[in-house]
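**Student:** Dropping the structure in here first, questions after.
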Amino acid sequence: MTLRRCLQRLTPYLFLTPAMVVTGLILVYPVTYGIGLSFFSWPLREFSKPPKFVGWGNYLELAGNEYFYTSVKVTLIFIGGIMVCELLVGLILALLLEDKMRGLRVFRTIFILPIMIAPVVVGVVWRFLYDPTYGMINYLLGLVGIEPKMWLSDPSLALVSIILTDIWQWTPFVFLILLAGLQGIPQELIEAGKVDGANYFQNLIHIKLPQIRSIMGVTAILRLTDAFRGLEVMYVMTFGGPGMSTQILSLHMYKTAFIGQRLGLASAVGVVLLFFMLLSLLPLLLRRASPR
Amino acid sequence: MTNWKTRRVVAKFLRYMAVGIAAVLSLFPIFVMVTTSFKTRVEAFSIPPVWFFVPTLENYIEVLFTKNFLRYFINSVIVGFSTTVLSVMIGALSAYALARFKFIGKRVVVASTLLLRMVPPVILVIPMFILWNKVGLGSSRAGLIIAYIGLTLPFNVWLLRAFIDEIPVEIEESAMIDGCSEIQVFPAIVLPLIKPALAVASVFTFRTAWNEFIISLVLSNRYTRTLPVAISLYLTEVGIEWGQITAIAVIIAIPAFFFTFVAAKDLIRGLTAGAVKG
Chain A
12 MTLRRCLQRL
22 TPYLFLTPAM
32 VVTGLILVYP
42 VTYGIGLSFF
52 SWPLREFSKP
62 PKFVGWGNYL
72 ELAGNEYFYT
82 SVKVTLIFIG
92 GIMVCELLVG
102 LILALLLEDK
112 MRGLRVFRTI
122 FILPIMIAPV
132 VVGVVWRFLY
142 DPTYGMINYL
152 LGLVGIEPKM
162 WLSDPSLALV
172 SIILTDIWQW
182 TPFVFLILLA
192 GLQGIPQELI
202 EAGKVDGANY
212 FQNLIHIKLP
222 QIRSIMGVTA
232 ILRLTDAFRG
242 LEVMYVMTFG
252 GPGMSTQILS
262 LHMYKTAFIG
272 QRLGLASAVG
282 VVLLFFMLLS
292 LLPLLLRRAS
302 PR
Chain B
2 MTNWKTRRVV
12 AKFLRYMAVG
22 IAAVLSLFPI
32 FVMVTTSFKT
42 RVEAFSIPPV
52 WFFVPTLENY
62 IEVLFTKNFL
72 RYFINSVIVG
82 FSTTVLSVMI
92 GALSAYALAR
102 FKFIGKRVVV
112 ASTLLLRMVP
122 PVILVIPMFI
132 LWNKVGLGSS
142 RAGLIIAYIG
152 LTLPFNVWLL
162 RAFIDEIPVE
172 IEESAMIDGC
182 SEIQVFPAIV
192 LPLIKPALAV
202 ASVFTFRTAW
212 NEFIISLVLS
222 NRYTRTLPVA
232 ISLYLTEVGI
242 EWGQITAIAV
252 IIAIPAFFFT
262 FVAAKDLIRG
272 LTAGAVKG
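Following this line, the structure appears as structure tokens:
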């Protein structure tokens with residue numbers, strides 16, 4: 012075999028190697044290590060000593076831990092809240108804007124801004140807005156006669172406040188994707204509906220919505236997986252408090268590791284988180300696997 | 002007749018109103034952030050809020066020079082640019098291989114690209130903290146850059162591969178007939194053709210590296226930390242200095258403003274391409 016032939020055969024592998032090495036070392040190995048660590052007990056103060064194998068011990072402990080269940084509950088409420096609101100508002104906005112409008116470009120540029128800004132910054136700014144004394148929200152509410160509220164220190168309000176912040180940042184994202192989807196519907200279908208005498212709402216329910224069903228599904232899954240990973244906003248705005256009212260699972264994992272100082276237990280929480288994420292990805296993966 | 006016309010006018014008016022309100026809501030927090038950063042301490046803390054004031058740079062000067070944030074700014078810049086250059090380059094190489102070559106295990110690699118995109122940084126935090134410290138990368142910028150490259154690579158590979166797929170193979174084939182070797186084809190022919198995709202990939206990579214918080218929190222010390230970590234530490238002090246902290250926030254947000262106003266259309270295309278193509 013000539014050298015040229017040999018190189019030809021090897022070229023794809025040459026091109027792929029850097030990426031494979033990087034991904035393997037930086038993503039695959041740590042994740043596997045993290046999963047493995049969940050079967051050990053490793054308190055941070057004993058970092059220099061090797062971790063102790065405890066089998067399913069960490070998981071059993073989580074199963075009996077009320078803080079863990081609270082965190083799961085908070086996470087589910089958070090995700091339910093943001094998904095329903097973001098998809099609904101995003102859809103309504105997309106339907107409102109899908110016909111040609113003057114200044115559409117300007118609006119789209121404005122709507123992409125919240126998405127691009129760092130979640131930490133979003134958290135800081137909204138913490139200022141929610142400030143009971145100096146924040147704009149209580150001030151503006153005061154102008155219409157509503158009493159000031161302790162948005163971030165009232166256990167019954169804190170989670171709602173964080174949900175609102177997330178809605179502010181991500182509804183534009185949902186809107187932009189659904190808008191692209193609506194604009195991609197072939198005109199003939201809509202015309203055919205009009206010819207058959209459909210009014211706006213019939214058009215909407217029977218033609219448009221079914222056409223964008225898969226896009227809505229993908230958007231929902233994207234938001235779902237993003238919501239599981241996000242913890243910056245909560246870290247900056249409430250750090251899980253007051254009490255545990257905003258301690259979503261990812262923040263719970265972080266606090267277990269670096270405040271509770273229990274790396275093994277935290278890894279177990281991480282595995283649970285990973286499990287939930289994979290669960291939410293399931294519809295997407297199944298659809299790809301089945302031939303259309 | 003008139004009824005029909007007025008209904009359409011009212012509908013149009015309501016539509017513009019609704020969108021207008023949405024736009025105002027989107028911009029309002031950002032407006033508050035920017036204006037507060039240019040206020041004096043007294044103005045920043047006054048209720049009712051001061052709408053008309055003389056802008057001052059005192060917060061920015063205080064924060065960058067007295068409080069050492071220039072160091073954090075430089076760290077963010079170094080980490081941001083290094084990650085972007087390296088991650089996009091490696092991603093392009095990989096994307097080309099996946100788009101053009103047939104080989105064993107190709108399906109698996111393509112599928113894993115999608116899956117790896119979804120890895121949440123939180124899951125990586127504990128293992129990275131342990132492993133990076135074990136090899137001595139625990140508090141270094143290089144360690145952070147390496148972590149970010151891993152984080153951003155799957156997305157870049159996925160995005161660039163989709164673009165390379167669109168380019169007809171004939172261009173490369175004719176180049177090879179003219180004497181170009183298989184390895185030369187990539188930098189000479191393919192890369193220039195996918196410039197827009199490289200730009201979009203660079204923007205998203207830079208944005209991830211610049212905005213990222215939790216991994217930087219865990220992998221940096223007071224000399225190497227980046228801006229997002231620095232701002233969070235500023236928050237936990239008693240009695241938050243809103244004028245100064247919004248100044249830092251604005252600095253962190255500058256790339257976001259820049260990319261949005263320069264490249265909004267392409268960013269939207271990049272974002273929606275994934276969802277719409279499916």
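In the order they appear, the protein sequences are chains A and B.
Note that the first sequence covers residues 12 to 303 in the numbering used here.
Note that the second sequence covers residues 2 to 279 in the numbering used here.
Beta carbons are placed, not taken as given, at the ideal position from N, Cα and C, and that holds for glycine.
As the structure is a computational prediction, the values presented were derived from the model and not from experiment.
Put F260(B) into one of helix, strand or coil per three-state DSSP.
**Tutor:** It is helical.
**Student:** Classify G279(B) as helix, strand or coil using the three-state DSSP reduction.
**Tutor:** Note on G279(B): pLDDT 43, under 50, position unreliable in the model; no value is reported.
**Student:** Counting only Cβ pairs nearer than 7 angstroms, list the residues of chain B close to E243(A).
**Tutor:** Chain B residues near E243(A): F214, I215.
**Student:** Pairs of beta-carbons, one from the stretch 31-42 of chain B and one from the stretch 182-201 of chain B, closer than 8 angstroms: are there three or more?
**Tutor:** No: the two stretches stay apart, fewer than three of their Cβ pairs being nearer than 8 angstroms.
**Student:** Please classify V109(B) as buried or exposed, where buried requires at least 16 other C-beta atoms within 10 Å of its C-beta.
**Tutor:** Exposed, since its Cβ has fewer than 16 Cβ neighbours within 10 Å.
**Student:** Under the rule that 16 or more other beta-carbon atoms within 10 Å means buried, what is D177(A), buried or exposed?
**Tutor:** Counting Cβ neighbours within 10 Å, D177(A) comes out buried, since at least 16 surround it.
**Student:** What does the alpha-carbon distance come out to for the pair P54(A) and M177(B)?
**Tutor:** Near 59 angstroms, if we compare the C-alpha coordinates of M177(B) and P54(A).
**Student:** Compare the C-beta of L140(A) with all C-beta atoms of chain B and state if any pair is closer than 8 angstroms.
**Tutor:** It does; some Cβ of chain B falls within 8 angstroms.
**Student:** To the nearest angstrom, how far is the alpha carbon of T182(A) from that of V117(A)?
**Tutor:** Approximately 17 angstroms, taken between the alpha carbons.
**Student:** On the DSSP letters alone, give me the boundaries of the alpha helix (DSSP H) that P166(A) sits inside.
**Tutor:** It spans 166-194 - the alpha helix (DSSP H) in which P166(A) sits, taken as one unbroken run.
**Student:** When we look at the beta-carbon of F53(B) and count the other beta-carbons within 10 Å, is it buried (16 or more) or exposed?
**Tutor:** Exposed, since its Cβ has fewer than 16 Cβ neighbours within 10 Å.
**Student:** Am I right that R118(B) and V80(B) are in contact with their C-beta atoms under 8 angstroms? What's the rounded C-beta distance?
**Tutor:** Incorrect: roughly 21 angstroms between the Cβ atoms, too far for contact.
**Student:** When Cβ atoms are compared, which residues of the stretch 117-128 of chain A fall closer than 7 angstroms to chain B?
**Tutor:** Correct list: F118, R119, T120, I121, F122, I123, L124, P125, M127, I128.
**Student:** From which residue to which residue does the alpha helix (DSSP H) around W159(B) run?
**Tutor:** Taken as a continuous stretch (DSSP letters only), the alpha helix (DSSP H) holding W159(B) covers 142-167.
**Student:** For the stretch 120-137 of chain B against the stretch 264-284 of chain A, are there 3 or more C-beta pairs whose distance is under 8 angstroms?
**Tutor:** Yes: the two stretches touch, three or more of their Cβ pairs being nearer than 8 angstroms.
**Student:** Hey, does G279(B) have any beta-carbon neighbour from chain A nearer than 8 angstroms?
**Tutor:** Residue placement at G279(B) cannot be trusted, given a pLDDT of 43 that sits under 50; what the coordinates show is reported in the next sentence. With 8 angstroms as the cut-off, G279(B) counts as an interface residue toward chain A.
**Student:** State whether the stretch 207-218 of chain B contacts the stretch 183-192 of chain B, with contact taken as three or more CB pairs (one from each stretch) at a distance under 8 angstroms.
**Tutor:** Because the criterion of three Cβ pairs below 8 angstroms is not met, the stretch 207-218 of chain B and the stretch 183-192 of chain B do not touch.
**Student:** Can you grab the Cα-Cα spacing for the pair L295(A) / M34(B), in whole Å?
**Tutor:** About 38 angstroms.
**Student:** The alpha helix (DSSP H) with G75(A) in it runs from where to where?
**Tutor:** G75(A) -> no alpha helix (DSSP H), and no H or E assigned at all.
**Student:** Quick one: any contact between the stretch 226-239 of chain A and the stretch 198-213 of chain A, if contact means 3 or more CB pairs under 8 angstroms?
**Tutor:** No, they do not touch.
**Student:** By Cβ distance, which residues of its chain are closer than 8 angstroms to I150(B), with the 5 residues on each side in sequence left out?
**Tutor:** Within the same chain, I150(B) has close Cβ partners T84, L87, S88, I91.
**Student:** Give the secondary structure of L138(A) by DSSP, where H, G and I count as helix, E and B as strand, and everything else as coil.
**Tutor:** The question names Leu, yet the displayed sequence has Arg at residue 138(A). R138(A) falls in the helix class under three-state DSSP.
**Student:** Using a Cβ cut-off of 8 angstroms, pull out every chain B residue sitting near A279(A), in sequence order please.
**Tutor:** Residues of chain B passing the Cβ test: none, with the nearest at roughly 11 angstroms.
**Student:** Any beta carbon of chain B sitting closer than 8 angstroms to that of L37(A)?
**Tutor:** Reading off the sequence, residue 37(A) comes out as Ile, not Leu. Chain B contact via Cβ: present.
**Student:** Determine, for T86(A), whether the minimum Cβ-Cβ distance to residues of chain B falls below 8 angstroms.
**Tutor:** For T86(A), the answer is no, since every Cβ of chain B falls outside 8 angstroms of its Cβ.
**Student:** Can you grab the Cα-Cα spacing for the pair L290(A) / M94(A), in whole Å?
**Tutor:** Computed Cα separation, rounded: 16 angstroms.
**Student:** With which residues is R56(A) paired in a DSSP beta bridge?
**Tutor:** Beta-bridge pairing links R56(A) to no other residue.
**Student:** Going along the chain, which unbroken runs of the alpha helix (DSSP H) with 4 or more residues stay wholly within the stretch 212-290 of chain A?
**Tutor:** Counting only runs of 4 or more, we get 224-240, 243-248, 260-269.
**Student:** Identify every residue that forms a DSSP beta bridge with F64(A).
**Tutor:** Paired residue(s): F51(A).
**Student:** Taking C-beta to C-beta, are Y150(A) and P49(B) nearer than 8 angstroms?
**Tutor:** Yes, the Cβ-Cβ distance between Y150(A) and P49(B) is below 8 angstroms.
**Student:** Quick check: is the beta carbon of A30(A) nearer than 8 angstroms to any beta carbon in chain B?
**Tutor:** Answer yes: the Cβ-Cβ gap between A30(A) and chain B drops below 8 angstroms somewhere.
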